[in-house]
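Undergrad: In the working numbering, the protein residues as written are 1095 to 1447. Even for Gly, the Cβ is constructed at its ideal location relative to N, Cα and C.
1. Scan the region 1251-1290 and note each continuous alpha helix (DSSP H) run of 4 residues or more that stays entirely inside, going in chain order.
2. For the 8 Å Cβ check, are there 3 or more pairs between the region 1386-1397 and the region 1333-1352?
3. State the Cα-Cα distance for the pair residue 1196 and residue 1343, rounded to the nearest angstrom.
4. Quick one, which of 1189, 1191, 1254 and 1296 has its alpha-carbon nearest residue 1410's?
5. Quick one: grab the DSSP three-state call for residue 1137.
6. Give the secondary structure of residue 1341 by DSSP, where H, G and I count as helix, E and B as strand, and everything else as coil.
7. Would the beta-carbon of residue 1375 fall within 8 Å of that of residue 1426?
8. Just to check my reading of the structure: residue 1281 and residue 1207 have Cβ atoms closer than 8 Å, yes? What is that Cβ distance to the nearest angstrom?
9. Considering only residues of the same chain and omitting the five flanking positions on each side of residue 1240, which have a CB-CB separation below 6 Å?
10. Answer yes or no: does any C-beta atom of chain D fall closer than 8 Å to that of residue 1248?
11. What is the DSSP secondary structure of residue 1227, reduced to helix, strand or coil?
12. How close, in whole Å, do the beta carbons of residue 1406 and residue 1260 come, if the pair is a contact with beta carbons under 8 Å?
13. Measuring straight from C-alpha to C-alpha, what distance separates residue 1377 and residue 1287?
14. Below 6 Å CB to CB, which residues in the same chain sit around residue 1312 once its five sequence neighbours on both sides are set aside?
15. On the DSSP letters alone, give me the boundaries of the alpha helix (DSSP H) that residue 1162 sits inside.
16. Is it true that the region 1310-1327 meets the region 1267-1286, where meeting means three or more beta-carbon pairs spaced less than 8 Å apart?
17. State the Cα-Cα distance for the pair residue 1360 and residue 1305, rounded to the nearest angstrom.
18. Going by CA-CA distance only, name the one from 1315, 1335, 1340 and 1395 that's closest to residue 1356.
19. So is residue 1346 buried or exposed if we call it buried at 16+ other beta carbons inside 10 Å?
20. Alpha carbons only, please: which of 1430, 1380 and 1424 is nearest the one belonging to residue 1467?
21. If you run the structure through DSSP and keep just helix, strand and coil, what is residue 1192?
22. Taking the CB atoms as reference points, tell me whether residue 1336 and residue 1284 lie closer together than 8 Å.
23. Hey, would you say residue 1293 sits closer than 8 Å to residue 1204, going by beta carbons?
24. Just to confirm before moving on: does the CB-CB distance between residue 1290 and residue 1340 stay below 8 Å?
25. Counting only runs that start and end within the region 1363-1439, where is the alpha helix (DSSP H) found for 4 or more residues in a row?
26. Provide the residue span of the alpha helix (DSSP H) that contains residue 1143, from first to last.
27. Residue 1123 lies in the alpha helix (DSSP H); which residues open and close that run?
28. Alpha carbon to alpha carbon, how far is residue 1366 from residue 1303?
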């Protein structure tokens, strides 16, 4: 609404325009409120008896305060690294906007795929820790990382290959120029290289949290942010916003290996043969998928908005089919587990009856 009248808004424009101010400030708050409201029906169905009974001396409260101190440090280090990276992006050049928009797209597969796995697996990790079931903890942790590899490796490849079509199709409208599209696509390609590492990193830290250890994640995160800043300083001069995205990706790739190694060293959490087996299979099949997607994109070279959208859907569809078939060919056990969950045909059910 205000963009049409003001062009690209400045901070002063937000304060001077009451409608824009409330739109800008309440959109995020409204989103958080909506996420809270949709939980109310589920909480009521679960019959969880919430009561406000403040007891700051309760052991659970003291434990939470103790653990959250390191978590606060974790958040602070992330913010410091983000400030440094944003300053390296030359404010006013459009690189900050490109990086922010690309990061939003980058989080989509992570949120849909990796966080879904974490949400499903973390309660089991906690149960295994509580029951001192080291073998069960190793099995669930390894299975979680395997699923993240299966889901995020192809997503990473696809987003690198399709970074330009994704941004052009969805964002290149109105004031968003072709230069801005190219810049944002480069940032997305750099970030997407680190999608696998980022997702594994976030999941594996849950293994430490299951042991009520927040200090180790803080120290690992401190190292990761140090790497991010060092790589950003080294790469931004030559590669611009792509270098900033790549710095993020490289930092998380290295840190994900570190967090898995530490988790295994302290808690015997990783079945390395199973993990290495799925790694080479997903990387190989994803490379084949990436070649198919790139070939389709190169052959079509769509120009208009509708044809670009059609090309994007075609590439994604072909990529999914190629990847799923490839996983069956290399005999990934998880694919057979999925098949067992699919509804059986009525004839099969009738035969069993």
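TA: To lay it out plainly:
1. 1257-1265 and 1272-1286
2. no
3. Taking the first residue of the chain shown as 1, we reach residue 1196 at position 102. Taking the first residue of the chain shown as 1, we reach residue 1343 at position 249. Their backbone Cα atoms lie some 13 Å apart in a straight line.
4. Locating residue 1410 in the chain shown gives position 316, where the first residue counts as 1. Looking at the Cα atoms, 1254 is the closest of the given residues.
5. As a first step, residue 1137 is located in the chain shown; it is residue number 43 there, counting from the start. In the structure shown, residue 1137 sits in a helix (DSSP, three-state: H, G or I).
6. Residue mapping note: residue 1341 aligns to position 247 of the chain shown, counting from 1. Note: residue 1341 maps to helix in three-state DSSP.
7. Position 281 of the chain shown, counting from 1, holds the residue named residue 1375. Position 332 of the chain shown, counting from 1, holds the residue named residue 1426. Yes, the pair counts as a contact, with Cβ atoms nearer than the cut-off.
8. Residue numbering aside, residue 1281 sits at position 187 when the chain shown is read from its first letter. Residue numbering aside, residue 1207 sits at position 113 when the chain shown is read from its first letter. In fact, because the Cβ distance is near 21 Å, the residues do not count as touching under 8 Å.
9. The count along the chain shown starts at 1 and reaches residue 1240 at position 146. Cβ within range, chain order: 1372.
10. Structure shown: chain D not included; a single protein chain is present.
11. Within the chain shown, numbered from 1, the residue matching residue 1227 stands at position 133. In the structure shown, residue 1227 sits in coil (DSSP, three-state: anything other than H, G, I, E or B).
12. Locating residue 1406 in the chain shown gives position 312, counting from the first residue. Locating residue 1260 in the chain shown gives position 166, counting from the first residue. Their Cβ separation, rounded to whole angstroms, is 7 Å, which keeps residue 1406 and residue 1260 in contact under 8 Å.
13. For the purposes of this step, residue 1377 is taken as residue 283 along the chain shown, with counting starting at 1. For the purposes of this step, residue 1287 is taken as residue 193 along the chain shown, with counting starting at 1. About 13 Å.
14. Taking the chain shown and counting its residues from 1, the one referred to as residue 1312 is at position 218. These residues qualify, in order along the chain: 1164, 1167 and 1168.
15. Against the chain shown, residue 1162 aligns to sequence position 68. Per DSSP, residue 1162 belongs to the alpha helix (DSSP H) from 1153-1182.
16. no
17. Taking the first residue of the chain shown as position 1, residue 1360 is located at position 266. Taking the first residue of the chain shown as position 1, residue 1305 is located at position 211. Approximately 11 Å between the Cα atoms of the pair.
18. For the purposes of this step, residue 1356 is identified with residue 262 of the chain shown, where counting begins at 1. Closest by alpha carbon: 1315.
19. In the chain shown, counting from the first residue as 1, residue 1346 sits at position 252. Flag for residue 1346 reads buried.
20. Past the edges of the chain, shown from 1095 to 1447, lies residue 1467, and the structure says nothing about it.
21. For this step, residue 1192 is matched to residue 98 along the chain shown. Residue 1192 falls in the helix class under three-state DSSP.
22. Working through the chain shown from its first residue, we reach residue 1336 at position 242. Working through the chain shown from its first residue, we reach residue 1284 at position 190. Yes. Within cutoff.
23. Residue mapping note: residue 1293 aligns to position 199 of the chain shown, counting from 1. Residue mapping note: residue 1204 aligns to position 110 of the chain shown, counting from 1. Their beta carbons are under 8 Å apart, which means residue 1293 touches residue 1204 by this criterion.
24. Start at 1 with the first residue of the chain shown, and residue 1290 comes out as number 196. Start at 1 with the first residue of the chain shown, and residue 1340 comes out as number 246. Contact flag unset, no.
25. 1366-1394, 1399-1423 and 1427-1435
26. In the chain shown, counting from the first residue as 1, residue 1143 sits at position 49. No alpha helix (DSSP H) contains residue 1143, which DSSP labels as neither H nor E.
27. The count along the chain shown starts at 1 and reaches residue 1123 at position 29. First-last of the alpha helix (DSSP H) with residue 1123: 1112-1131.
28. Start at 1 with the first residue of the chain shown, and residue 1366 comes out as number 272. Start at 1 with the first residue of the chain shown, and residue 1303 comes out as number 209. Roughly 21 Å between the two C-alpha positions.
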